[in-house]
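Position 176 of the sequence shown, counted from 1, bears residue number 176 in this note's numbering, the numbering being contiguous throughout.
Taking it in order: structure first as structure tokens, then the write-up.
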Amino acid sequence: MTDLTVNLKNGDTSSEDSFVVLSDTSSAMSKVRVGAVQAEPGWFDLEESVEKTISLINQASEKGVNVLGFPEVWIPGYPWALWTNSAIDNGEMVHKYMANSLVRDSPQMRRIQQAVKDAGMQVVLGYSEREGASLYMGQSFIAPTGEVVHHRRKIKPTHVERTLWGEGQAESLTTVVDTPFGKVGGLNCWEHLQPLLRYYEYAQGVQIHIASWPAEFCMPDPKVMAWQYHETGEASYRASQFMAIEGQTFVAIASQILTEKNLERNFLVGKPPIKTPGGGFSMIFGPDGKPLAEHLEDGEEGIVIADVDLTDIDRAKTFIDTVGHYARPDLLSLLVNPSADSCITMMKK
1 MTDLTVNLKN GDTSSEDSFV VLSDTSSAMS KVRVGAVQAE PGWFDLEESV
51 EKTISLINQA SEKGVNVLGF PEVWIPGYPW ALWTNSAIDN GEMVHKYMAN
101 SLVRDSPQMR RIQQAVKDAG MQVVLGYSER EGASLYMGQS FIAPTGEVVH
151 HRRKIKPTHV ERTLWGEGQA ESLTTVVDTP FGKVGGLNCW EHLQPLLRYY
201 EYAQGVQIHI ASWPAEFCMP DPKVMAWQYH ETGEASYRAS QFMAIEGQTF
251 VAIASQILTE KNLERNFLVG KPPIKTPGGG FSMIFGPDGK PLAEHLEDGE
301 EGIVIADVDL TDIDRAKTFI DTVGHYARPD LLSLLVNPSA DSCITMMKK
């Protein structure tokens, strides 16, 4: 790749106001424009979801975004009915959801990859991944070339999620990829509450982390139903912010929203703790935990954007580097199994 300076103001390739420099060594300048999607999916509709994904990639490209993150299972949306309805009542919903989940090697994915290539950005795409007759909570890391350079799955779906999605294997422990815009990582939802997984991501040198979340809502009236604070958008916002502080990394929250018109489509009419319009809490944090972007309203759709300087990570790590000078490996260390298990093992003769 030849040297190319991209100007985010007007697309000029010569201005001294240029933002990112790409070279044949794939090394990045320190300044990057990060975007996080806060939007409503094309609920239970694969084609609608893919079209909206491409539209958001194009919108982000027009705004000069270099790294873009999507919410958890953005395609075809997070099925909150798993939490509010019984397994028997959800039978038809699950059947429809499976039929509209995304196959990693498919014409739909190739259309998304082409859009990423045309935009020349790095994308972390969250989706319900279908492989055969099984579903997984997938994240694909799509490079500016359009190539899926890494794919991972949520290593432990949460609570009732385990009735729909399977678990990721050892390859999903790799959560960071090298990009022209720095080291980009990603986790799904409550993976942010798994301290050993977070720590392993810090050890992989993450600089920009995509925190992919579903729609989450405020605490319901306790007279209506019992609920846990850790299942709210506010708690998830705080967990993502803490990861920025603990890991000294930029963190971009990408979250879904839900509107009134789509309650019936989601089998959620009259179901607390659902609030419409609501669910969104997207934000971008600095490596010291400071919010860097303008806040979108709870049910507002858009792309949260911040210009970041990767050298600011050094400022935070001067105080605390949890996998460096602030670690005590002689006292505490992490054991990692890099080998994936298989359903079939061929015996040797």
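Positions of the beta carbon are idealized from the N, C-alpha and C atoms, including for glycine.
Beta-carbon proximity of residue i to residue j, cut-off 8 Å
i, j, result
"L125", "W74", "yes"
"A244", "G286", "yes"
"Q122", "A254", "no"
"V308", "T249", "no"
"K96", "F44", "yes"
"K156", "E167", "yes"
"A215", "G270", "no"
"G182", "L310", "yes"
"T259", "E40", "yes"
Same chain, Cβ closer than 6 Å to residue i, neighbours up to 5 away in sequence not counted
i, result
"E48", "G42"
"A252", "V34, A36, G69, I210 and I284"
"A60", "G35, L68 and I303"
"K357", "Look at the range of the chain in this structure, 1 to 349, and you will see that residue 357 is not part of it."
"G185", "T175, V176, E201, V206 and H209"
"T179", "Q122"
Cβ neighbour criterion (16 or more within 10 Å) applied to residue i
i, result
"G278", "buried"
"D12", "Here the model assigns D12 a pLDDT of 39, short of 50, so the residue's position is not dependable, and the following value carries that caveat. It is exposed - the Cβ of D12 has fewer than 16 other Cβ atoms within 10 Å."
"D3", "Unreliable positioning characterises D3 in this predicted model, as indicated by a pLDDT of 33, which lies under 50. A coordinate reading is not provided."
"G233", "buried"
"H192", "buried"
"F319", "exposed"
"R198", "buried"
"P144", "buried"
"H150", "buried"
"S236", "buried"
"K350", "This structure leaves residue 350 out entirely; the chain is present only between 1 and 349."
"N66", "buried"
"A239", "buried"
"S86", "exposed"
"T84", "buried"
"S172", "buried"
"L332", "exposed"
Pick from the options that is closest to residue i, judged by C-alpha positions
i, options, result
"I112", "A39, F141 and K223", "F141"
"H159", "Q248, E92, P195 and C189", "C189"
"K52", "P71, M93, G64 and D312", "P71"
"M219", "I88, W213 and Y229", "Y229"
"N90", "I305, P180, E161 and G120", "E161"
"D288", "T259, D321, K261 and H295", "D321"
"A99", "A87, L310 and G77", "G77"
"T241", "D221, L292 and Q256", "The sequence given here places Gln at residue 241; Thr does not occur at that position. The residue with the shortest Cα to Cα distance from Q241 is L292."
"W165", "P180, T174, A133 and L196", "A133"
"D314", "A306, H325 and I305", "H325"
"G217", "S282, K349 and D312", "The question names Gly, but residue 217 in the sequence shown is Phe. For the residues S282, K349 and D312, the minimum Cα distance to F217 belongs to S282."
"G64", "V50, I257, V32 and I88", "V32"
"I257", "K290, W213 and E231", "W213"
Beta-carbon proximity list for residue i, same chain, < 7 Å, skipping 5 on both sides
i, result
"L102", "L46, I75, Q108, M109, Y127, S128, E129 and R130"
"T25", "Residue placement at T25 cannot be trusted, given a pLDDT of 32 that sits under 50; the coordinates are not used to answer."
"A170", "N337, P338, S339 and A340"
"M93", "P79, A81 and F267"
"K261", "none"
Beta-carbon proximity list for residue i, same chain, < 8 Å, skipping 5 on both sides
i, result
"M225", "P272 and P273"
"R104", "E129, E131, G138, S140, V148 and H151"
"A203", "V323 and L334"
"I57", "L68, I112, A115, V116, A119, M121 and V123"
"L296", "Q38, G280, S282, G302 and V304"
| field | Any beta strand (DSSP E) of 3 or more consecutive residues that is wholly inside the stretch 141-178 | value | 148-153
| Unbroken beta strand (DSSP E) runs of length 3 or more, entirely within the stretch 224-280: which are they? | 250-256
| Contained alpha helix (DSSP H) runs [length at least 4] in the stretch 34-103, N- to C-terminal order | 46-62, 81-84 and 91-99
| message | If we require 3 or more residues per run, which beta strand (DSSP E) segments fall completely within the stretch 294-343? | response | 302-309
| Which full runs of the beta strand (DSSP E) of 3+ residues lie inside the stretch 179-226, going along the chain? | 182-188 and 208-213
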